[in-house]
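Numbering (our numbering), first residue to last: 257 to 389.
From the three backbone atoms N, C-alpha and C, an ideal C-beta is built for every residue, glycine too.
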């Protein structure tokens with residue numbers, strides 16, 4: 257559900273991934289977008305930051321063991337009463353980066369023997385030869 261407001265955007269999406277992985281990916285997205293992190297609440301999985309003139313907040317809520325709902329909120333300090341400009345640029349960029357990183361996360365695993373990045377379909381690590389799964 258996407259709500260465009262006067263000077264901001266609120267959006268939420270559901271993904272099939274565990275909460276810890278989604279939290280790590282969300283932090284990577286903040287870093288890649290250049291959002292200055294002001295506060296992280298690891299107990300409630302909330303990140304607050306600032307990008308230009310907007311306050312950005314992301315929350316990762318577990319729906320069950322293997323799925324999460326991610327809330328993205330971007331708001332300017334002062335509401336714009338009359339603005340026809342779309343204010344969803346940051347939300348679009350965050351979700352694009354998140355989905356790209358989620359695809360990479362699902363495609364690769366770290367080898368338990370040498371920590372090399374290995375295809376999730378591999379049966380043996382190409383670096384150290386240890387059996388995977």
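DSSP on residue 352, reduced to helix/strand/coil? One-based indexing of the chain shown puts residue 352 at position 96. Reduced to three states, the DSSP call for residue 352 is helix.
Assuming residue 326 contacts residue 312 (C-beta within less than 8 Å), just tell me the rounded distance between them. Within the chain shown, the letter at position 70 stands for residue 326. Within the chain shown, the letter at position 56 stands for residue 312. No, residue 326 and residue 312 are not in contact; Cβ-Cβ is about 13 Å, not under 8 Å.
Other residues of its chain near residue 295: CB distance less than 6 Å, five sequence neighbours each side excluded: For the purposes of this step, residue 295 is taken as the residue at position 39 of the chain shown. Contacts found: 304.
From residue 350 to residue 361, what distance separates their C-alpha atoms? Translated into positions along the chain shown, residue 350 becomes position 94. Translated into positions along the chain shown, residue 361 becomes position 105. Rounded to the nearest angstrom, the two C-alpha atoms are 16 Å apart.
Could you please give the first and the last residue of the uninterrupted alpha helix (DSSP H) stretch that includes residue 323? To locate residue 323, count along the chain shown from 1; it is residue 67. Not the alpha helix (DSSP H): residue 323 falls in the beta strand (DSSP E), residues 323-332.
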